[in-house]
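Okay, so here's the structure we're looking at.
Protein chains: 2
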Amino acid sequence: MLQTRLLKPADDAYAYPLLIKRLLMSASRYEKTREIVYRDQVRLTYAQLSQRIAQLANVLSEAGVKAGDTVAVMDWDSHRYLECMFAIPMIGAVVHTINVRLSPDQILYTMNHAEDRLVLVNSDFIELYQSIAGQLTTVERTVLLTDGVDTHAALPNLVGEYEQLLAGASTQYDFPDFDEHSVATTFYTTGTTGNPKGVYFTHRQLVLHTLAEASVMGSIDSVRLLGSNDVYMPITPMFHVHAWGIPYVATMLGIKQVYPGRYEPEMLLKLWREEQVTFSHCVPTILQMLLNCPHGTGVDFAGWKIIIGGSALNRSLYDAAFARGIQLTAAYGMSETCPLISAAHLNDELQAGTEDERISYRIKAGVPVPLVETAIIDAEGRFLPADGETQGELVLRAPWLTQGYFKEPEKSQALWENGWLHTGDVATLDSMGFIDIRDRIKDVIKTGGEWLSSLDLEDMISRHPAVREVAVVGAADPQWGERPFALVVVREGQVIDARALKEHLKPFVEQGRINKWAIPSQIALVTEIPKTSVGKLDKKRIRQDIIEWQACNSAFLSTL
Amino acid sequence: MLQTRLLKPADDAYAYPLLIKRLLMSASRYEKTREIVYRDQVRLTYAQLSQRIAQLANVLSEAGVKAGDTVAVMDWDSHRYLECMFAIPMIGAVVHTINVRLSPDQILYTMNHAEDRLVLVNSDFIELYQSIAGQLTTVERTVLLTDGVDTHAALPNLVGEYEQLLAGASTQYDFPDFDEHSVATTFYTTGTTGNPKGVYFTHRQLVLHTLAEASVMGSIDSVRLLGSNDVYMPITPMFHVHAWGIPYVATMLGIKQVYPGRYEPEMLLKLWREEQVTFSHCVPTILQMLLNCPHGTGVDFAGWKIIIGGSALNRSLYDAAFARGIQLTAAYGMSETCPLISAAHLNDELQAGTEDERISYRIKAGVPVPLVETAIIDAEGRFLPADGETQGELVLRAPWLTQGYFKEPEKSQALWENGWLHTGDVATLDSMGFIDIRDRIKDVIKTGGEWLSSLDLEDMISRHPAVREVAVVGAADPQWGERPFALVVVREGQVIDARALKEHLKPFVEQGRINKWAIPSQIALVTEIPKTSVGKLDKKRIRQDIIEWQACNSAFLSTL
Chain A
1 MLQTRLLKPA
11 DDAYAYPLLI
21 KRLLMSASRY
31 EKTREIVYRD
41 QVRLTYAQLS
51 QRIAQLANVL
61 SEAGVKAGDT
71 VAVMDWDSHR
81 YLECMFAIPM
91 IGAVVHTINV
101 RLSPDQILYT
111 MNHAEDRLVL
121 VNSDFIELYQ
131 SIAGQLTTVE
141 RTVLLTDGVD
151 THAALPNLVG
161 EYEQLLAGAS
171 TQYDFPDFDE
181 HSVATTFYTT
191 GTTGNPKGVY
201 FTHRQLVLHT
211 LAEASVMGSI
221 DSVRLLGSND
231 VYMPITPMFH
241 VHAWGIPYVA
251 TMLGIKQVYP
261 GRYEPEMLLK
271 LWREEQVTFS
281 HCVPTILQML
291 LNCPHGTGVD
301 FAGWKIIIGG
311 SALNRSLYDA
321 AFARGIQLTA
331 AYGMSETCPL
341 ISAAHLNDEL
351 QAGTEDERIS
361 YRIKAGVPVP
371 LVETAIIDAE
381 GRFLPADGET
391 QGELVLRAPW
401 LTQGYFKEPE
411 KSQALWENGW
421 LHTGDVATLD
431 SMGFIDIRDR
441 IKDVIKTGGE
451 WLSSLDLEDM
461 ISRHPAVREV
471 AVVGAADPQW
481 GERPFALVVV
491 REGQVIDARA
501 LKEHLKPFVE
511 QGRINKWAIP
521 SQIALVTEIP
531 KTSVGKLDKK
541 RIRQDIIEWQ
551 ACNSAFLSTL
Chain B
1 MLQTRLLKPA
11 DDAYAYPLLI
21 KRLLMSASRY
31 EKTREIVYRD
41 QVRLTYAQLS
51 QRIAQLANVL
61 SEAGVKAGDT
71 VAVMDWDSHR
81 YLECMFAIPM
91 IGAVVHTINV
101 RLSPDQILYT
111 MNHAEDRLVL
121 VNSDFIELYQ
131 SIAGQLTTVE
141 RTVLLTDGVD
151 THAALPNLVG
161 EYEQLLAGAS
171 TQYDFPDFDE
181 HSVATTFYTT
191 GTTGNPKGVY
201 FTHRQLVLHT
211 LAEASVMGSI
221 DSVRLLGSND
231 VYMPITPMFH
241 VHAWGIPYVA
251 TMLGIKQVYP
261 GRYEPEMLLK
271 LWREEQVTFS
281 HCVPTILQML
291 LNCPHGTGVD
301 FAGWKIIIGG
311 SALNRSLYDA
321 AFARGIQLTA
331 AYGMSETCPL
341 ISAAHLNDEL
351 QAGTEDERIS
361 YRIKAGVPVP
371 LVETAIIDAE
381 GRFLPADGET
391 QGELVLRAPW
401 LTQGYFKEPE
411 KSQALWENGW
421 LHTGDVATLD
431 SMGFIDIRDR
441 IKDVIKTGGE
451 WLSSLDLEDM
461 ISRHPAVREV
471 AVVGAADPQW
481 GERPFALVVV
491 REGQVIDARA
501 LKEHLKPFVE
511 QGRINKWAIP
521 SQIALVTEIP
531 KTSVGKLDKK
541 RIRQDIIEWQ
551 ACNSAFLSTL
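Respectively, the protein sequence lines represent chains A and B. Here UniProt numbering is used: position 258 in the first sequence is 258, and no number is missing along the way. Here UniProt numbering is used: position 97 in the second sequence is 97, and no number is missing along the way.
Have a look at this one:
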């Protein structure tokens with residue numbers, strides 16, 4: 001370490017740790033009449049939000065929650081969730097945002113593994129909770145969350161109902177200072193094998209992520225993506241990487257926030273219209289659902305800015321959204337990265353390009369946000385050139401990456417090799433810094449000694465007008481190792497045949513974008529493609545299904 | 001301290017300190033064709049900027065500069081200065097930005113006090129440097145900065161001329177990681193008494209300040225103040241609190257930057273026009289000069305966004321700038337605060353007000369930026385209510401405040417009492433968080449047991465159409481303790497008399513904004529009002545001048 005001139009905070013008087021409570025200090029005061037809306041049921045002002053956060057802190061403290069404890073939340077996206085994202089860390093505890101789309105067994109595993117002490121349970125999950133309650137090893141208390149219907153529920157060790165508890169609590173809480181390296185949040189990510197893995201983020205990491213995310217959203221590109229006068233509605237769940245950290249950004253900036261509960265297209269569109277939502281974020285499959293849903297037919301979405309992440313944004317979805325007035329920006333991140341790593345940005349050179357070129361960059365993973373360092377490496381850990389062509393595993397450094405998986409030293413070590421976080425994503429980097437995610441390492445199709453990107457193939461196939469949805473995986477092949485296998489959902493009222501799809505892919509072969517042998521030998525028409533709990537294509541299950549289907553030679557498969 | 005769950009970086013591999021080098025990682029790559037312009041002499045791209053920073057680091061290292069050393073810069077605003085603001089801290093050294101407007105004695109004092117080891121000297125200051133060189137106790141080497149004219153100068157211990165040295169240096173430098181609490185910058189602020197005092201900021205502080213400043217500039221208010229497509233030109237010197245930190249923000253965001261050298265109105269306006277500048281910052285007196293200068297007569301400045309700080313922005317200057325198309329935003333900060341503390345922002349409530357109300361808030365010091373905590377206290381250190389009326393000393397907490405004055409333990413202790421930085425400014429806070437600076441504590445006029453704000457009086461007097469500039473100070477008075485004394489510069493071709501000015505102030509008395517006895521008993525017409533080295537009204541000198549004038553009963557004074 002260099003011998004620089006060090007001036008560390010000499011005493012507590014000067015020290016000013018980066019704590020989540022500080023994100024609440026400014027905008028929540030000067031924008032105190034701005035609203036936090038929950039469905040068509042609750043409207044709060046920022047002034048009330050601050051009071052309710054203090055009330056929740058008092059309720060939790062009185063229920064015995066101490067600094068260092070973990071408090072879990074099982075709720076749909078709501079104002080209550082936002083309050084938990086502040087109040088729980090602000091008393092020094094850790095908020096565990098439970099993925100309610102996991103199986104009961106997985107939820108049980110995560111709650112025991114995270115050592116949850118108190119759980120806030122939405123009445124929709126009472127039955128689920130009851131089914132696992134007997135096997136919970138650390139939970140001591142529960143709090144009931146309801147939309148005002150059933151205030152008396154059969155939850156074991158119930159402290160009470162959220163609104164009643166808040167109503168009885170003081171609106172004053174003297175939130176203490178503590179070390180900025182204190183853990184604030186934790187949640188679980190499901191891998192391809194084994195149990196869900198817990199990632200965790202400290203106050204320092206979340207404050208830095210919030211500042212960097214805000215400066216990117218405010219300053220990037222020719223238009224402002226997120227500013228003071230926008231209206232924000234998340235369409236990725238709050239249990240999914242803190243809804244990408246945007247609730248913290250929106251609260252810091254005093255932006256009106258709209259929480260939709262569970263994601264019913266009708267409610268989303270109603271809130272979008274009535275609350276005049278201008279900014280959202282979601283995964284491609286959810287956007288697809290919104291564009292295709294009957295309530296949205298013919299609706300002009302002009303002025304709606306949506307960040308797409310979680311999975312690659314393909315050209316046909318971009319075009320479909322653009323035609324409806326939506327301005328899409330691609331971004332990249334993962335559960336392990338808090339999540340924001342990069343976002344689309346067109347520099348001067350690209351802005352001067354053709355529309356096709358511009359869009360081809362708008363749908364890439366984008367450029368790193370400030371403070372993020374990127375590189376690509378080969379299987380031996382050697383750095384590869386950023387030439388826009390060489391593919392390697394994307395590795396990262398940034399101030400807001402999880403330090404590991406909770407209580408999983410071996411997996412943590414594999415995640416952090418040689419001082420870089422290993423994403424498991426195959427990418428190219430170009431000389432401008434653009435990240436282009438080519439595939440998950442485990443989804444790459446290895447055929448005849450070459451690597452084929454399943455994402456590339458999906459993008460090309462999805463451009464056929466009859467294709468509504470597509471997934472491509474590698475299927476075992478005795479001659480080639482693997483061969484691409486495509487699952488296709490056809491648009492209603494349309495038909496497709498092998499010749500048409502091959503004709504459709506031929507131009508890409510002619511342009512040199514893929515080789516001839518990249519054309520899938522098997523294409524299955526299906527009515528639905530399996531998805532993960534956060535709406536991504538579930539390739540692990542697709543691969544298993546294909547093995548089973550191949551074994552049974554199932555009639556369900558209409559192989560072309 | 002609470003027993004939270006601590007997860008400090010376990011080892012160096014994971015640790016990712018907040019270092020200035022990281023501000024250079026993203027935008028300087030994806031906006032590599034954007035330009036850094038120096039007068040009409042130099043145009044660099046961001047790609048070249050990165051290379052030159054590495055070259056400068058090599059030059060300094062080869063000249064013997066080590067981590068922990070202090071390297072001083074005596075230059076006008078230039079691309080070289082920007083390079084120094086990065087390269088010097090990036091090798092672990094401290095950049096001392098010398099205030100070239102101080103007297104030679106003061107400059108000498110600051111250089112010895114800061115323990116400068118190497119100095120980069122613009123050829124304009126060779127004579128000055130030679131006059132103090134014999135008394136410099138720590139400087140070992142010098143580097144000459146020129147605009148290409150005199151490459152051979154009589155500087156003692158000259159390493160060489162900047163451009164020639166850079167040309168001979170490698171464009172590769174492996175900038176190391178080190179502790180984020182390492183000091184990065186230092187500079188001196190002149191107080192009312194005694195020697196200049198050195199403030200200092202760490203890498204961590206500057207990175208946090210940059211992120212917070214960027215998120216405010218990008219997101220605040222209904223319009224975006226600073227975004228990717230803006231063109232930035234500073235009009236407060238780079239030695240003055242790092243040009244308010246904006247060069248770091250602009251570089252992080254990859255924004256085109258224009259450096260004007262010394263502040264000649266003709267050059268400023270030429271650059272504004274030719275480089276299509278859209279964003280600047282300056283003190284009120286400089287803006288006044290620009291609006292009044294002959295080259296600017298009749299020019300429509302539409303689209304120019306300017307942040308005003310350093311001194312209060314009064315209504316008449318706001319109106320004058322607005323009439324010329326300039327969008328002004330007031331901001332507040334000081335040398336001790338890095339500097340950004342607050343900026344004007346109109347919330348929903350104020351946006352719905354009358355134009356007069358809106359402007360009255362636009363010219364206040366604004367609301368705290370994220371992570372800044374404010375309070376007002378009385379002389380005994382008791383907290384006062386934020387009711388918009390009670391006046392007290394403004395005290396601050398934030399992650400980017402100087403930890404003290406370099407080698408001045410007593411003054412540092414006075415600056416940091418009870419864990420708050422004491423600004424020396426008298427302010428009100430309101431329930432929305434708005435800071436309204438009423439005066440410097442030492443400039444408040446204490447008359448008959450009451451406190452009069454000199455800023456209020458200046459604002460009111462300046463609204464008279466014949467008044468070009470005004471300063472009000474307290475002059476000793478045997479009966480009242482002090483009485484307000486005004487210095488007025490009259491607009492060319494205009495006349496003024498006591499009755500007209502008293503008539504002009506009468507409505508303010510009638511509105512209850514001031515008491516009758518607040519009307520200055522003495523008003524002096526002068527041709528010029530003394531300014532400090534950074535262009536603020538020099539009230540210390542004005543008070544001394546008045547004492548001398550009163551003693552001599554000078555005929556120069558035309559007391560009304």
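Positions of the beta carbon are idealized from the N, C-alpha and C atoms, including for glycine. Quick caveat, the model's predicted, so the values are computed rather than measured.
Cross-chain neighbours of residue i in chain A, by beta carbon under 7 Å
i, result
"T33 (chain B)", "D348, E349"
"R22 (chain B)", "L371"
"Q3 (chain B)", "A67, G68"
Integer-rounded CB distance, given that residue j should sit under 8 Å from residue i
i, j, result
"V216 (chain A)", "Y232 (chain A)", "Contact flag wrong, Cβ pair sits at about 15 Å."
"T402 (chain B)", "V199 (chain B)", "4 Å"
"G254 (chain B)", "R34 (chain B)", "6 Å"
"L394 (chain B)", "D425 (chain B)", "5 Å"
"L162 (chain A)", "L145 (chain A)", "The sequence shown places Tyr at residue 162 (chain A), rather than the Leu named in the question. Yes, Y162 (chain A) and L145 (chain A) are in contact; Cβ-Cβ is about 5 Å, under 8 Å."
"H295 (chain A)", "P265 (chain A)", "6 Å"
"V139 (chain A)", "D116 (chain A)", "5 Å"
"Q55 (chain B)", "A169 (chain B)", "4 Å"
"S28 (chain A)", "S50 (chain A)", "5 Å"
"G392 (chain A)", "T447 (chain A)", "Rounded, the Cβ-Cβ distance is 19 Å, inconsistent with contact."
"N347 (chain A)", "E31 (chain B)", "5 Å"
"S228 (chain A)", "I220 (chain B)", "6 Å"
"T354 (chain A)", "A344 (chain A)", "Between A344 (chain A) and T354 (chain A) the Cβ distance is about 17 Å, and since that is not below 8 Å, they are no contact."
Neighbouring residues, chain B, relative to residue i (Cβ below 7 Å)
i, result
"S215 (chain A)", "L211, A214, S215, G218"
"R29 (chain A)", "M432, G433"
"Y16 (chain A)", "R397, A398, P399"
Listed by chain order, chain B residues near residue i by CB distance under 9 Å
i, result
"P368 (chain A)", "M25, S26, R29, Y30"
Within chain A, partners of residue i - CB distance below 8 Å
i, result
"H345 (chain B)", "Y30, S228"
Inter-stretch contact at 8 Å, needing at least 3 Cβ pairs: the region 68-76 of chain A / the region 91-100 of chain A: yes
Proximal residues, the region 423-436 of chain B versus chain A, C-beta separation under 9 Å: S431, M432, G433, F434
Give, in chain order, every unbroken run of the alpha helix (DSSP H) that is at least 4 residues long and sits entirely within the region 235-262 of chain B. 241-244, 246-253
Can you confirm whether the region 108-127 of chain A touches the region 76-91 of chain A when touching is taken to mean that 3 or more C-beta pairs between the two stretches lie within less than 8 Å? yes
Count the CB pairs spanning the region 431-448 of chain A and the region 361-369 of chain A that are closer than 8 Å, and state whether there are at least three. yes
Do the region 334-345 of chain B and the region 238-245 of chain B meet, that is, are 3 or more Cβ pairs less than 8 Å apart? yes
The region 311-324 of chain A touching the region 453-469 of chain A, judged by at least three CB pairs closer than 8 Å: yes
Does the region 460-477 of chain A come within contact of the region 527-544 of chain A, defined as at least 3 CB pairs closer than 8 Å? yes
Taking 8 Å as the cut-off, does the region 197-214 of chain A touch the region 43-60 of chain A (at least 3 CB pairs, one atom from each stretch)? no
Name the residues in the region 82-109 of chain B whose C-beta lies less than 7 Å from a C-beta of chain A; which are they? G92, V94
Is the region 204-218 of chain A in contact with the region 14-26 of chain A, if contact means three or more CB pairs nearer than 8 Å? yes
Between the region 516-525 of chain B and the region 491-502 of chain B, can you find at least three pairs of beta-carbon atoms closer than 8 Å? yes
Closer than 7 Å, Cβ to any Cβ of chain B: which residues of the region 55-74 of chain A, in chain order? A67, G68
Can you give me, in chain order, the residues of the region 233-262 of chain A that have a beta carbon less than 7 Å from any beta carbon in chain B? M252, L253
Please give me, in chain order, every unbroken run of the beta strand (DSSP E) with length at least 3 that falls completely inside the region 259-324 of chain B. 279-282, 305-308
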